[in-house]
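Step one of this worksheet: look at the structure below.
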Amino acid sequence: MATITDPPSSGFRLSQLINDTRYRSYTFQFIALILLILGIGYLVSNLFANLAANGLDISWAFLGEPAGYDINQQPIPYDSQMSHGRASVVGAINTLIVAFLACLTATVLGVIAGVLRLSNNWIVSKLMSVYVEAFRNVPVLIWILIIFLAMSNVLPQPRAFRGDDATSSMFLDSIAFTNRGVYIPSLVNGDGSAIFWLVVLASIVGVFFYRRYARKVLYDTGRMLPTGWPTLAILFVPGILAYLVLGGPVTLEYPELKGFNFREGLHLRLSLIALWFALSIYTGAFIAENVRAGIQAISKGQTEAAASLGMRPGRIMNLVILPQALRVIIPPLISQYLNITKNSSLAIAVGYMDITGTLGGITLNQTGRAIEAILLLMLFYLIISLSISAIMNIYNNSVKLKER
Amino acid sequence: MSDTHAQTVAFVRHTQLPPAPPPARETGIVKWMRENLFSGVVNSALTIISLILVVWTVVSVFPWFANGIWDTTSLRECRDALEGATGACFSVLTERWNQLLFGFKYPPEEYWRPTLAFVLLLVAAVPALFAQFVPRKFLVLTFLYPFVAYWLIWGGTLIAMVFAAIGVIVAYFVFLRAERSLGFVLGLVTGLVAAIVTWTIGGMIAGAMSGVLALPEVPSRDMGGFMLNMILGTVCVSLSVPLGIVLALGRQSDMPIIKGICVVFIEFVRGVPLITLLFVANVVLAYFFPPGTNIDLILRVIIMITMFSAAYIAEVIRGGLAALPKGQYEAADSLGLDYAQSMRLIILPQALKISIPGIVNVAVGLFKDTTLVSVISMFDLVGMIRGPILSSTAWTGIYWEVFLFAIVLFFVVCYGISQYSQWLERQLATDRR
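Quick note, the sequences are listed as chains A and B, same order.
Counted from 1, the first sequence has number 255 at position 253 by our numbering; the numbering is strictly sequential.
Counted from 1, the second sequence has number 35 at position 30 by our numbering; the numbering is strictly sequential.
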């Protein structure tokens, strides 16, 4: 007779910690944790020993002390008696300004270059290839330096705009391109301008709601509401009406040449313009490659099927190709936006005071608080990067193909 | 009855006309131009604008090149020699090319050493890059190259490098023996211990024989120019690939602590710009070493750039691992392979093959980012241009010529690497068919 015996129940042996896969992971994690704690403890003890040997300490009080230096590009009011903390905030706003502007123009340039690169026109596609390859294979720092130096050497000085035989004149009599920067008219908000801006904002929101309503009507009843003219009407008519009714609340202040410089108007310094331009065309080349890859990822059968349904090329691109291509294009596009934000830290090469220039540059050198300043700097960039990555994850999850 | 009969047509051919050539508009280059360049209003407009742009660029740039002056000693002399015409002043390159390539403190009589190291780099890379065409035993050259290159560029005695190489070989054989009886991790630890023992003994012996087969030592702070970019690029990329593989495997492991450590590291390093990490290398990293040690700046920079690049490569390899079907892992389990064996024999070869384009992309980006060390006052190529050349009295105000030289150098290297990567992709794709 065959007797069924229980499997031998062995006690716990110490070598099971390494050989038995049930316990091995705990052993490894325990060892890893111990090593990590020991490593961090070693580094931190070295840190404190070095700080004590040099008579330094870790304190954040420097953020409240007066900065003592000027910042040339000031989006918010700042003077040299304000604190280091305020200087860092000015720098952070400068970073966000140049990153936002560069993202906009880089997208426009990249989309145009990417679509043109796929055109049938041989010259145009070769030119775009030359642009993309030339800008992708050279470091961005070199482009920033070249564009800055080229602009400061080629653009005229402010005094060339003076006199009857002026060698340079303002574009449209309102924008001046000089080697100290670009002077554009600034907006002056008079009485009632708050209402005007609210009306403008409301009309932009209204356009979104109208288009959503039009799509709902299309899906429910099959009736196509016009969206071209009504969009333009909703966008502009309320704003123009509000402007006329309120009696012109917002006026332009033109730059004028007084003395050695242009006064009034908005002064965009050459460092901002050069950094913006360089980042845009550098990242535009990368975005062009992403757009090209996205459009080529859609199989040709989609275009052919849409054409066989009788759709015209414009509608094919808008309704069939682009929605599918955007799913492939947008994640790398968002990482290019991240790259723009991180590359904007090269602003110190041209003297633009972004957060790396204020907090990581002058503040760090003056106060000597290297560890605290660099920690804050990294924290700033980390917050921006993690926010942008979170946005990308939200977008990815919303357009993900929902499979069973 | 039908209306057609033989008399309605006046003439009926009996023989066939020979086929005539197509009309001139439908063949050859005219047809190509009609279809490609002038196929519609918008296309034609674009073609004309592009042609105008190209012609205008060539006409403006060519005289500048053609009138280049190659033999003066300062910018003012160039301008005098040109007498008002537009022309380039390439004499800055003739005079300073060695500084741009090697830095301004590297002793000129030792220029043959980095040049030889560069040539040997190309020779040693061939067995690794074109592994399908070169017999495997040439990989020994690739293994020996780092030691020879270090000896050539930094100097010192060859005995130290010989012992370094012996240490690695000893570690490898000890690992092979120990793994059979102790398993992967303990085998690795034993190999490391053997390496450290060999290196300590070798260090003592090399210290005693420091004059044998020695080249004059060049300290790291004397390196500069394009050579510094290449050193940082090759060293950091080659060191960061193994580290990136480890991070990627850790990030997708089931052990929560390991996974947490890897995720925190990767997301932190990817979220900050490289310049902040270089600031850390410059001012902060020294605080974390024991008091009194003085680590060279170039070594600190190499550490930070390697960490930076390892995080990006880890993400690329994670993408490659995710692209692998789950059946591969299950097949490895069904064969009874443990973690280390399945990774080494089945998973990693396929994942690395898929991730090669991404890794090459990261390598090219890293090579371009090595120019950022000019911001922390290391005199690489861009640092040399902005520093000693643009601020010297003879050459201040010159910028197009030197930057053009820098652009050509970087373009040749980066474009070459990306073309190689595309070629490699095509090779590997045909294999899979």
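Each residue gets a CB set at the ideal place from its N, CA and C atoms; glycine is no exception.
Just to confirm my understanding: we take residue i, look at its own chain, exclude 5 residues before and 5 after, and list those with CB closer than 7 Å. What are they?
i              : result
S154 (chain A) : N181, L272
I318 (chain B) : S245, V246, G249, I364, V367
I280 (chain B) : L377, V380
R101 (chain B) : I394
Terminal residues of the continuous alpha helix (DSSP H) containing residue i?
i              : result
S127 (chain A) : 124 to 138
F64 (chain A)  : That residue, F64 (chain A), is in no alpha helix (DSSP H); it is neither H nor E in DSSP.
R39 (chain B)  : 33 to 41
C241 (chain B) : 230 to 256
V59 (chain B)  : 46 to 71
W75 (chain B)  : W75 (chain B) -> no alpha helix (DSSP H), and no H or E assigned at all.
I144 (chain A) : 142 to 156
G92 (chain B)  : Taken as a continuous stretch (DSSP letters only), G92 (chain B) belongs to no alpha helix (DSSP H), as it is neither H nor E.
F294 (chain B) : No alpha helix (DSSP H) holds F294 (chain B); DSSP gives it neither H nor E.
Q338 (chain A) : 324 to 345
P208 (chain A) : A small fix is needed here, since residue 208 (chain A) is Gly in this sequence, not Pro. Unbroken alpha helix (DSSP H) run through G208 (chain A): 195 to 223.
G332 (chain B) : 331 to 339
D85 (chain B)  : 80 to 87
F270 (chain B) : 261 to 276
In its own chain, which residues sit with a C-beta less than 8 Å from the C-beta of residue i, not counting the 5 before and 5 after it?
i              : result
V153 (chain B) : A122, L125, M166
L143 (chain A) : L348, A351
N72 (chain B)  : L87, A90, T91, G92, A93
A183 (chain B) : L191, G192, T195, G196
Y397 (chain A) : I332, P333, I336
A434 (chain B) : none
I422 (chain B) : V365, A368, V369, F372
L5 (chain B)   : Since the first and last residues shown for chain B are 6 and 438, residue 5 (chain B) lies out of range.
A29 (chain B)  : V35
V190 (chain A) : V252, T253, L254, E255
L379 (chain A) : I357, T358, L361, G362
Output needed for residue i: all residues of its chain with C-beta closer than 6 Å, excluding positions within five of it in sequence on either side, in chain order.
i              : result
A411 (chain B) : L386
A368 (chain B) : V242
T343 (chain A) : A101, I386
Q427 (chain B) : none
W231 (chain A) : none
N48 (chain A)  : none
Y409 (chain A) : Chain A is shown only over 3 to 406; residue 409 (chain A) falls outside these bounds and no answer can be derived.
R438 (chain B) : Legend: pLDDT at R438 (chain B) = 47, less than 50; position of this residue unreliable, value from coordinates given subsequently. If we look at R438 (chain B) and ignore the five residues flanking it on each side, it has no Cβ neighbours.
Could you spell out the range, first to last residue, of the beta strand (DSSP E) harbouring residue i?
i              : result
D191 (chain A) : It should be noted that the sequence gives Asn, not Asp, for residue 191 (chain A). Note, N191 (chain A): beta strand (DSSP E), 188 to 191.
E255 (chain A) : 252 to 255
R265 (chain A) : 263 to 265
F189 (chain B) : No beta strand (DSSP E) contains F189 (chain B), which is instead part of the alpha helix (DSSP H) from 189 to 213.
F179 (chain A) : 178 to 180
R271 (chain A) : 268 to 271
E258 (chain A) : 258 to 260
Within 8 Å (strictly less), CB to CB, does residue i reach chain D?
i              : result
K331 (chain B) : The structure shown has no chain D; the protein chains it does contain are A and B.
Item checked: Segments assigned beta strand (DSSP E), at least 3 residues, entirely inside the stretch 368 to 410 of chain B -> Runs found: none.
Next item on the list: Mind checking the stretch 29 to 45 of chain A against chain B and listing, in chain order, the residues whose C-beta falls within less than 8 Å of any C-beta there?
Entry: Listed by position, the residues of the stretch 29 to 45 of chain A near chain B (Cβ gap below 8 Å) are F30, Q31, A34, L35, L38, L45.
Check: Relative to chain A, which residues along the stretch 39 to 51 of chain B have a C-beta separation below 8 Å, given in chain order?
Finding: Going along the stretch 39 to 51 of chain B in chain order, one finds E40, N41, L42, S44, N48, L51 with a Cβ nearer than 8 Å to chain A.
Next item on the list: At 4 residues or longer, and completely inside the stretch 348 to 399 of chain A: list those alpha helix (DSSP H) runs for me, N to C.
Entry: The qualifying runs are 366 to 369.
Next item on the list: Evaluate contact between the stretch 230 to 242 of chain A and the stretch 124 to 142 of chain A, counting only Cβ atoms and requiring at least three cross-stretch pairs below 8 Å.
Entry: At 8 Å Cβ cutoff, the stretches do not touch.
Check: Taking any Cβ of chain A, which residues in the stretch 260 to 291 of chain B have a Cβ under 8 Å from it, in chain order?
Finding: From the stretch 260 to 291 of chain B, only M260, P261, I262, I263, I266, E272, F273, R275, G276, V277, P278, L279, I280, T281, F284, V285, V288, V289, A291 have a Cβ closer than 8 Å to chain A.
Check: What runs of the alpha helix (DSSP H), each 4 residues or longer, lie entirely inside the stretch 23 to 106 of chain A?
Finding: Counting whole runs of 4 or more residues, the stretch 23 to 106 of chain A contains the alpha helix (DSSP H) stretches 23 to 56.
Notebook entry, point to check: How about the stretch 297 to 316 of chain A and the stretch 218 to 225 of chain A: do they share at least three Cβ pairs that are nearer than 8 Å?
Noted result: Three or more beta-carbon pairs separated by less than 8 Å are not found between the stretch 297 to 316 of chain A and the stretch 218 to 225 of chain A, which leaves the two stretches without contact.
Item checked: the stretch 165 to 181 of chain B touching the stretch 193 to 213 of chain B, judged by at least three CB pairs closer than 8 Å -> Verdict: yes, contact present.
Checklist line | Length at least 4, wholly inside the stretch 100 to 156 of chain B: the alpha helix (DSSP H) runs in chain order | finding: Counting whole runs of 4 or more residues, the stretch 100 to 156 of chain B contains the alpha helix (DSSP H) stretches 117 to 134.
Notebook entry, point to check: Okay, do the stretch 102 to 119 of chain A and the stretch 11 to 28 of chain B touch, 3+ Cβ pairs below 8 Å being the bar?
Noted result: Result no; under three Cβ-Cβ pairs closer than 8 Å.
Note to self: Under 7 Å, CB to CB, which of the residues in the stretch 392 to 414 of chain B have a partner in chain A?
What the structure shows: Those would be Y404, F408, A411, I412, in chain order.
Check: How do the stretch 351 to 370 of chain A and the stretch 67 to 79 of chain A stand: do at least 3 beta-carbon pairs fall below 8 Å, yes or no?
Finding: Flag = yes, the stretch 351 to 370 of chain A and the stretch 67 to 79 of chain A touch.
Next item on the list: Below 7 Å between beta carbons is the criterion; list the residues of the stretch 147 to 166 of chain B that meet it against any residue of chain A, in chain order.
Entry: From the stretch 147 to 166 of chain B, no residue has a Cβ closer than 7 Å to chain A.
Checklist line | Validate contact between the stretch 320 to 329 of chain B and the stretch 346 to 358 of chain B using beta carbons, cut 8 Å, 3 pairs | finding: In short, these stretches touch, since the Cβ pair count reaches three.
Notebook entry, point to check: Between the stretch 347 to 362 of chain A and chain B, which residues of the former have a C-beta closer than 9 Å to a C-beta of the latter?
Noted result: So the close ones are S347, L348, I350, A351, T358, G362.
Notebook entry, point to check: Using 8 Å as the threshold, is the stretch 252 to 264 of chain B in touch with the stretch 130 to 143 of chain B, meaning 3 or more CB pairs across them?
Noted result: Taking 8 Å as the limit for Cβ pairs, the verdict is that the stretch 130 to 143 of chain B does not touch the stretch 252 to 264 of chain B.
Checklist line | Given 8 Å, three or more beta-carbon pairs between the stretch 111 to 124 of chain A and the stretch 277 to 288 of chain A | finding: The answer is yes - the stretch 277 to 288 of chain A touches the stretch 111 to 124 of chain A, with three or more Cβ pairs under 8 Å.
Check: Any residues in the stretch 146 to 163 of chain A with a beta carbon nearer than 9 Å to a beta carbon of chain B? Which ones, in chain order?
Finding: The residues in question are L147, I148, L151, A152, N155.
Next item on the list: With 8 Å as the limit, tell me which residues of the stretch 47 to 66 of chain A have their beta carbon closer than that to any beta carbon of chain B; keep them in chain order.
Entry: Within the stretch 47 to 66 of chain A, the residues whose Cβ lies closer than 8 Å to some Cβ of chain B are N48, L49, A51, N52, L53, A55, listed in chain order.
Note to self: Along the stretch 287 to 301 of chain A, where does the CB come closer than 8 Å to a CB of chain B? Name the residues.
What the structure shows: Listed by position along the chain: nothing, the set is empty.
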